[in-house]
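Chains as they are written, first to last, in the working numbering: chain H, 1 to 198; chain G, 199 to 543; chain D, 544 to 616; chain Z, 617 to 1596. All C-beta atoms, glycine included, are put in the ideal place defined by N, C-alpha and C. Below you'll find the structure, written out as structure tokens, and then a few comments.
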Amino acid sequence: MARMKFLCDADRCIECNACVTACKNEHEVPWGINRRRVVTLNDGKPGERSVSMACMHCTDAPCASVCPVNCFYTTADAVVLHSKDLCIGCGYCFYACPFGAPQYPRVGNFGSRGKMDKCTYCAGGPEPDLSTIEYEKYGSNRLAEGKLPLCAEMCSTKALLAGDGEMIAQIYKERVIKRGYGSGAWGWKTAYRETVAI
Amino acid sequence: MRRGRTLIRTFVAAAMLAGVAGAGAGPALAQTAPPTTAPTTAPNPTAESVNEDLLFKQAPTIGGRISIPDQKAANLIQPQGREWRGFHETWMPWIGAAAILGMVVLLALFYFTRGRIRLEHSEESGRKILRFNGFERFTHWMTATCFIILALSGLNYIFGKRLLMPVIGPDAFATLSQWAKYAHVYLAWPFMLGIIFMFVVWLKDNIPNRIDVAWIKAGGGIIGDKHPHAERFNAGQKVVFWMVAGFGAAMSVTGLVMLFPFAATDINGMQVMQGIHSLIGVAFIAAILAHIYIGSLGMEGAYDAMGSGKVDLAWARVHHDLWVEKEQARTASGPQLRAHQAPAE
Amino acid sequence: MKAFAVAVICAVAIGIAASYVLSTSQRYAWQAFSTSSARVSHPGTNLVGPRWTGDVKGPHDEVAGETTAPKRS
Amino acid sequence: MLIKRKSGEASRTKHQAIAAGLASGVLDRRSFLRKSGLAAGGLAAAGTIQLGAVRRAQAAGSAVSGDAVTIKKNICTHCSVGCTVTAEVVNGVWVGQEPSYASPINRGTHCAKGAAIRELVHGERRLKYPMKLVGGQWTRISWDQAIDEIGDKVTAIREKAGSDSVYWLGSAKFTNEASYLFRKLGAFWGTNSVDHQARICHSTTVAGVANTWGYGAQTNSYNDIRNAKTMIIMGGNPAEAHPISMQHVLSGKEINRANMIVIDPRFTRTAAHATEYVRIRSGTDIPVIWGMLWHIFQNGWEDKEFIRQRVYAMDDVRKEVAKWTPDEVERVTGVPGEQLKRVAEIFAKEKPSTLIWCMGATQHTVGTANVRAFCILCLATGNVGKPGTGANIFRGHTNVQGATDLGLDVTTLPLYYGLVEGAWKHWARVWDVEYEWLQSRFDEIPAKGGRKARTRKENMEAPGITSTRWFDAVNLPDDQIDQRSPIKAMMVFGHGGNTVTRLPDAIKGMNKLELLVVADPHPTTFAALDARQDNTYLLPICTTLECDGSRTASNRSIQWGETIVKPAFESKTDYEVMYRLATKLGFGDRMFKGIAVENGLPVAEDILREINRGGWSTGYCGQSPERLKAHMKNQHKFDLVTLRAPKDDPEVGGDYYGLPWPCWGKPEIRHPGSHILYNTNLHVKDGGGCFRARFGVERNGQTLLAEDSFSKGSDLTDGYPEFTMGVFKKLGWDKDLTAEEMAVITKIGGNNIDAVSWATDLSGGIQRVCLDHGVVPYGNGKARANAWNLPDPVPVHREPIYTPRPDLVAKYPTRPDDRQFRMPNIGFSVQKAAVDREVAKNFPIILTSGRLVEYEGGGEETRSNPWLAELQQEMFVEINTKDAADRGIKDGQWVWVSGPEDGTQAKVKALVTDRVGKGVAFMPFHFSGWYQGKDMRQYYPAGTDPVVLGESVNTITTYGFDPVTGMQEPKATLCQIRAA
């Protein structure tokens, strides 16, 4: 069974935000909800690197474990999804998430923040595959169509890799060996407790 | 030429840059050009690349610049999320259970050994003295009812999914938790109000003094049968007062910081606040359990103080003799009480 | 007993008042994350539901956003 | 923990094999359908005024049944890389976008704009119906009323002030067919004032490079950069302007461990990936190039054999370069001597090397000279005409290359024929109209301002007014303008208005116009910033995703886009609007004689056939609609690096992807197109070529033809002039012409048959015969290091008009005042006044402007797309940390940026960063809608104001125009910044 992961090759990411708008386009994500975003580190100075970040679908996901209503579930290929019916919008998953992935429709105060929304690895949620209700709640379900997340498929320089963990690690390793440099698999130690040995 | 390097560039660059980056102002850009507006140049941006280990040496979280207004999103990796999860999912349940169950066991032990403290009859039994007026009782009960709901809904965050969900099923439990969250957030306000009122109303009677020291030395009359003097509030009750004030304030502050996310601090600050809120919460609950016990089951006649507000004069004489004298002196002109009856507790 | 009853009523009243005050001071994500240079008329309602509460099941009546034009997600 | 097995396990195994990183190539139709919602956007609004906001149709419902999803392919309408957009359409509504894995250019990828392009066709900020300004209020009118009123008013202005008083401002976002039609419309109307965005983009490149080796276009391609061992990116930021090109640049850098050198005043996101970053002062490109050449000539690293064979007058350059010793270069540009030596050595030795440039090189008063210096550096090191080398000019808009080719240029008719009589006669033949009738459409110009009068013929052959100075032609006194009357009416098609410098003067011009017509999917700056009260019309034009048509990408490949959805709301295609306008103006039937028009809609394919019939000079004759459509259907057959399809393929055998021009001869000859220009290692029939012999045969005793260098398999093994019937007769090749070809040639030649050239022979016979003999129709000449017909034959450094170094103006002044494009160019006096007024002291910060990846061009379209607008919500200025500290400016606060000319200022956010050097500031140029601190949102027609508005940088940019093309100078001016 595949173990789905994200890997952003920061030495190729040019912060063009294609991943962000591809996600917005594919799932009609509203203004203010940013399932994916690009952060530029060491901005403006030599050594600057940009990383595209959304939910990393962690191993033993912190969000899933702290959720007071246990509304998270991990699919067979390790995609961490959640149910918006059970979610009470308490925000604990945002405390626990090392990558700031959870988004809330209302951000004024803790009172009624609305149900959490996050990157679903284009795998929808606990509704019938490819149904309207699934689309309105969780967005489209590309994995059920045998495809991969649109953010990775449309990344302008093929920096954002998505797919089976070993396969994308292999791709990244080959690239680093061929080009002689690599700033490493960002976030992998925190998300998957292992990284790509380069 | 330069491209002949065999070593994987990352580690070399990391070591080299660590030295340079320490200067903080980015790599030392040599100002070799004449002092015109001539800009500086930079060696090899590819080799200078930052990486995770290097950035984690500089700061506990990795963050950068982002072009959208949501500045929280500029925080790329905060590993403290996992640490907070460790605390909240492994430590907290045990601490909570230990505190609360521990207190219940303690009280049960006390009850089955010491038993209920009986009302000692004397000639003054049967007559009443006003201990708490309407407002005091109103404040007490507002705070108390809110506290109970807050406690239950608070514990639900940790123990609900462990204890309740398997029983009533996820959907019902989710709806219940939703309401518990609303209750917790919205009843916190009357609770805070109540805390303030109680503090204002009873502060003057809760200043610790020598009488309390004596009271404590005497074990508060629970051990053996001596009845040390006590004013309106004995040392135990003063402890409860200050505990409620202190913990109440702490819960309010941490609660408010969480209620208005990112207004006061960033995510790591809020994690700390949540930790404090939980720890103090369970301690608060444990303490209040004891207060509830002593105020109801633990001592006969104590409940009336808050129930109707009028306690048995004998009871008052035993437990709060100095207070009774003062009261009677203050209302000596008043006909309703016979003078100088020894209070019975 | 009267004081207890009054206390409970007061608590609930203050609670409801607090919920009202908090919900009015509540801000949609699209308001919080748009600047003075932007006029967002239709922020979209997919994934967050018609009234931006996150639950999609609710009635499809009023749409968050400036005008009450029919739903455009 | 709830672990829930997902249904549809079976399909899961397939994708395990696919990782986004590998080109999966699987483009299976979505096996599910999204629920189709309300009727299609356009249709919903067709009749009813009530908009009925388009509810995004989602195809869902059970996976079993549902409406059919059709796949449509078109080309992204934003930048010139030419990414294929794969659209899923259900019931006429565009419901989704899929990666276009098959396209060899973008291989499934997109940038932010491409990935959000679906929103353009149902964006609710689109201009929805024709509007007219009446008493300062926008009122809705019907199309018929709009066309009638505009036609009448324009005709009235023509009677009163002549045809030159109406300015036709075209667009780089036209399809090829629309660009060609617009130039034809201008010609039939009778004016040469027909321009478009190339003027402020690569006009100096086209002039400079064409005057060096024949054609002014990218010599290689994005895909070919994968062969480069060294690449210098100078004055360009592809990471923001051409993101998908970075896929090829970075892959090439990784596969070949190539040197990637970025030379730019700003540490851009491209520089972040460089292996060497050189920070220079804005406006000092020539000293940097000469500095590099100084080291190259000093150490003899130049390619002597290449220079001897294929370059003329390199010695003149050696004389100029000798002046630029390393310390003088350092004094002027600020670049340390030894770094420039290292860069020069790498570029000259670690070949193949390519030089990539963009606006940073072109947008200067020395733009043409800059570009020629870049070409000379490539020539000196032999880095032209081979895989991995060449001048990789990254053009800007989606079809700026095609629109430039097809004549939206005040100096030429379509396909670079120029404005000489022979050119008009050629097109008169192709258009099948009498040359005399065309001549009668032009004004006679009376003698005025001390200049003698000009006949219709002379005016017909004189360049028009550039888009950088249309408002000067409105504001300046009549006698200074070299035409019958100042400009009275502006016909603006697809043009932003806020991307030209000196916006305050432009606004003055807008207010004085008698008629302003804006035809665009959005109202643009023209509708909002001026204070006009009436005689202003807005015509909704659909985007090129809503019509058929071809576009030429920066690498000269032509790609066909099919209609994805019908034009949204009441918008119409460019073709229909031009057809109805031409009919209203009385020359509709004459103009569309050779073009099929089906129920009021000109057929795009037929327009392209007419272009093929006339496109001999630039090899636009072989790209028939059928061949282009075959390429779009077989995209996956084209190789990633050579762009070539396998020879044995029945449909596209041997073709290069998109038949990059020149594609010689008639479509039937099936010339494959020329992937790499001037590549002598290939036979002409395989896309080989040499430098164009267009500057004559001999000068000052030296031959201008190549010396023992020729394209592979050429019958002539030395330099040869361009081919005419006269040359054919000398060589005896005229016998190879068929009877019909001879008939056409004799008809064309009339009494002077020898003059009929490869470019004017409509039969294509001369080209066919040339190909058979393995020779290049345009001759085999030498590239010119000395362009004697240009103002500075050998490029000379000249300080920008507003220079931070007054001390250098004495030694390196700008060119003396002169008259260009019918108006005075007083750059010299403005520079002198700036030095006298000590502008550099009170405006100490160099201001340069440039691109943002989320927006494009004037930004109206992309700032109306919420998915993009959300990412850049505020106009900003990048200011160096030390400069900010000196002025007490914190990151993210409001600041006033003031410009040196008449106290203009802009209120923007401060972005404190080290990206810009000390004393340098950067501002993007995509914003508009605020003007000197005032929010002008309410002046847009209701509901059509872009989501994000901001100050335009061109509110504070200044005077300064390139002598050859009238290019503006927004890349190097001065400003002062203070906290707001």
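Query, Result
"Between the Cα of residue 1573(Z) and those of 1520(Z), 1310(Z), 1552(Z), spot the shortest distance and give me the residue it belongs to.", "1520(Z)"
"Do you know offhand how far residue 518(G)'s Cα is from residue 427(G)'s?", "7 Å"
"I want to see whether chain D comes within less than 7 Å of residue 88(H), judged by CB atoms only; does it?", "no"
"Determine the direct distance from the alpha carbon of residue 498(G) to that of residue 316(G), and round the result to whole angstroms.", "6 Å"
"Just reading off the beta strand (DSSP E) that residue 1492(Z) is part of, what are its end residues?", "1492-1495"
"If you drop the 5 nearest sequence neighbours on each side, which residues of the same chain put their C-beta closer than 7 Å to that of residue 210(G)?", "Here residue 210(G) scores only 41 on pLDDT, less than 50, and its place in the model should not be relied on; the value that follows carries that caveat. Hits under 7 Å: none found."
"Cα-Cα, which of 1162(Z), 1516(Z), 1197(Z), 1539(Z) is closest to residue 692(Z)?", "1162(Z)"
"For residue 1369(Z), would you say it is in contact with chain H, using Cβ-to-Cβ distances shorter than 7 Å as the test?", "no"
"Tell me, please, whether the region 350-367 of chain G touches the region 567-577 of chain D by the rule of three or more beta-carbon pairs shorter than 8 Å.", "no"
"Would residue 1119(Z) and residue 1478(Z) qualify as a contact pair, given that the criterion is a beta-carbon distance under 7 Å?", "no"
"Kindly list the residues whose CB is nearer than 6 Å to the CB of residue 1251(Z), restricted to its own chain and excluding five residues on each side of it in sequence; keep chain order.", "718, 719"
"Could you confirm whether any beta carbon from chain H is found closer than 7 Å to the beta carbon of residue 560(Z)?", "The structure shown has nothing for residue 560(Z), since chain Z only spans 617 to 1596."
"Count the other CB atoms within 10 Å of the CB of residue 1205(Z); is the residue buried (16 or more) or exposed (fewer)?", "exposed"
"Whose C-beta lies closer than 7 Å to the C-beta of residue 1101(Z) among residues of the same chain, with five residues either side of it excluded?", "777, 778, 781, 1094"
"Considering only DSSP beta bridges, list what residue 1540(Z) is partnered with.", "1466(Z)"
"Would you grab the beta carbon distance between residue 820(Z) and residue 1333(Z) for me? Rounded to a whole angstrom, and I think it's under 8 Å.", "No, residue 820(Z) and residue 1333(Z) are not in contact; Cβ-Cβ is about 36 Å, not under 8 Å."
"Decide yes or no for the touch test of the region 747-762 of chain Z against the region 1136-1152 of chain Z: beta carbon pairs closer than 8 Å, at least 3 of them.", "yes"
"Thinking residue 855(Z) and residue 828(Z) are a contact (beta carbons under 8 Å), I'd like their distance in whole angstroms, please.", "Wrong, their Cβ atoms sit about 28 Å apart, outside the cutoff."
"Can you tell me whether DSSP reads residue 1440(Z) as helix, strand or coil?", "strand"
"Give a yes or no on whether the C-beta atoms belonging to residue 858(Z) and residue 701(Z) are separated by under 7 Å.", "no"
"Run through chain D and tell me which residues come within less than 7 Å of residue 109(H), C-beta to C-beta.", "565, 568, 569"
"In chain order, what residues of the same chain have a beta carbon less than 7 Å from the beta carbon of residue 1595(Z), not counting five sequence neighbours either side?", "1503, 1504, 1505, 1509, 1511"
"Along the alpha helix (DSSP H) that carries residue 994(Z), what are the first and last residues, could you check?", "983-996"
"Let's test the definition: count the other Cβ atoms within 10 Å of the Cβ of residue 430(G) and tell me whether it reaches 16, buried, or not, exposed.", "buried"
"Is there a C-beta anywhere in chain H that falls below 7 Å from the one on residue 1162(Z)?", "no"
"Indicate whether at least one CB of chain G lies closer than 7 Å to the CB of residue 561(Z).", "No answer is possible for residue 561(Z): the residues shown for chain Z start at 617 and end at 1596."
"Is the beta carbon of residue 1065(Z) less than 7 Å from the beta carbon of residue 690(Z)?", "no"
"Note the first and the last residue of the continuous beta strand (DSSP E) segment covering residue 1591(Z).", "1589-1595"
"Any contact of the region 977-996 of chain Z with the region 806-822 of chain Z, i.e. 3+ C-beta pairs under 8 Å?", "yes"
"Name the chain G residues whose beta carbon is nearer than 8 Å to that of residue 69(H)?", "358, 359, 363, 368, 371, 372, 375"
"Quick check on the DSSP output: the alpha helix (DSSP H) that includes residue 521(G) runs from which residue to which?", "519-528"
"Taking only three categories from DSSP, how would you classify residue 1472(Z)?", "coil"
"State yes or no: is the beta carbon of residue 255(G) nearer than 7 Å to at least one beta carbon in chain H?", "no"
"For residue 168(H), which three-state DSSP category applies?", "helix"
"Going by beta carbon distance, what residues of the same chain come within less than 6 Å of residue 546(D), once the five residues before and after it are set aside?", "none"
"Residues in the same chain with beta-carbon distance under 6 Å from residue 802(Z), minus the five sequence neighbours each way, listed in chain order, please.", "784, 810"
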